[in-house]
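Numbering (our numbering), first residue to last: 18 to 250.
Just so you know, even glycine gets a beta-carbon here, dropped at the ideal spot from N, CA and C.
Keep in mind that this is a model prediction, so the values were computed, not measured.
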């Protein structure tokens with residue numbers, strides 16, 4: 018347990034190897050340890066007459082790399098900063114911020130918002146189109162992938178201009194997204210928080226190791242959410 022009055026220390030989990038279907042993974046404290054595991058993979062490739070598919074292989078490090086590349090059967094596997102799983106960009110570095118895949122989606126969402134003026138109907142029709150056609154895809158995976166607050170604020174401004182208009186007065190964000198519209202659907206900031214809460218609730222109800230980790234995080238925070246400003250923002 019952590020000493021009283023001190024912030025909880027991060028949990029470190031060490032896994033030697035794992036696999037899924039016909040994919041294999043090797044994890045270790047350093048490159049030599051991983052290379053030793055991959056030597057077994059090389060023997061299997063030679064025995065079965067298979068070749069390395071470098072495009073579907075990747076290596077990563079959670080710490081600063083020493084420049085040594087992982088090799089499988091003589092083919093170098095360059096380190097990656099992100100990989101895609103079920104449509105979500107999983108970051109492989111400690112760097113905070115929006116990853117390449119989510120950045121591309123947010124950029125595309127901003128471009129689509131400029132066309133929302135063509136939606137027939139009033140403000141509610143535009144808001145529905147933004148929620149279902151733009152943000153649903155533009156922020157897909159953001160409940161489990163890191164996204165910077167600056168990117169969300171910039172996208173929120175574009176959403177506000179798209180729904181309410183860039184020149185109309187009396188359009189405070191808090192009023193539009195908290196009173197006039199369903200903020201958890203059309204405000205990028207609120208939507209990400211809403212999706213995170215929904216994901217945590219689903220994971221906390223599902224038995225398994227992840228449920229234990231979520232409960233430990235909740236207990237470490239003493240069940241108290243961070244203070245927020247007016248109207249819950």
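Here residue 234 is not near residue 161, since their CB atoms are 9 Å or more apart.
Counting other Cβ atoms within 10 Å of its Cβ, residue 208 reaches 16 or more and is therefore classed as buried.
Taking C-beta atoms as the reference points, residue 51 and residue 76 count as a pair closer than 9 Å.
When beta bridges are read from the DSSP output, residue 107 appears opposite 100. Between the alpha carbons of residue 145 and residue 73 lies a gap of roughly 38 Å. When DSSP states are grouped into helix, strand and coil, residue 117 belongs to the helix group. In the DSSP assignment, residue 176 forms no beta bridge with any residue.
If you draw a straight line from the Cα of residue 121 to the Cα of residue 157, it is about 11 Å long. Annotation: residue 44 to residue 197 spans about 50 Å, alpha carbon to alpha carbon.
Out of 199, 203 and 140, the CA that lies nearest to the CA of residue 170 is found in 203.
Nearest neighbour of residue 118 by Cα position, chosen from 95, 163, 135 and 137, turns out to be 163. According to the DSSP assignment, residue 205 belongs to no beta strand (DSSP E) but to the alpha helix (DSSP H) extending over 205-222. Sequence-distant Cβ neighbours of residue 94 in its own chain, meaning closer than 6 Å and more than five residues away, are 74, 76 and 87. In this structure, residue 172 and residue 126 form a Cβ contact; the two beta carbons are roughly 6 Å apart against a cut-off of 8 Å. If you draw a straight line from the Cα of residue 111 to the Cα of residue 166, it is about 17 Å long. For residue 92, the enclosing beta strand (DSSP E) covers residues 92-94. As the crow flies, the alpha-carbon of residue 46 is around 26 Å from that of residue 115.
Beta-bridge partners of residue 76 (DSSP): 96. Close CB contacts of residue 155 within its chain, under the 7 Å cut and outside five residues either way in sequence, are with 122, 123, 125 and 126 (chain order). Approximately 6 Å separates the beta-carbon atoms of residue 179 and residue 147; this is inside 8 Å, confirming the contact.
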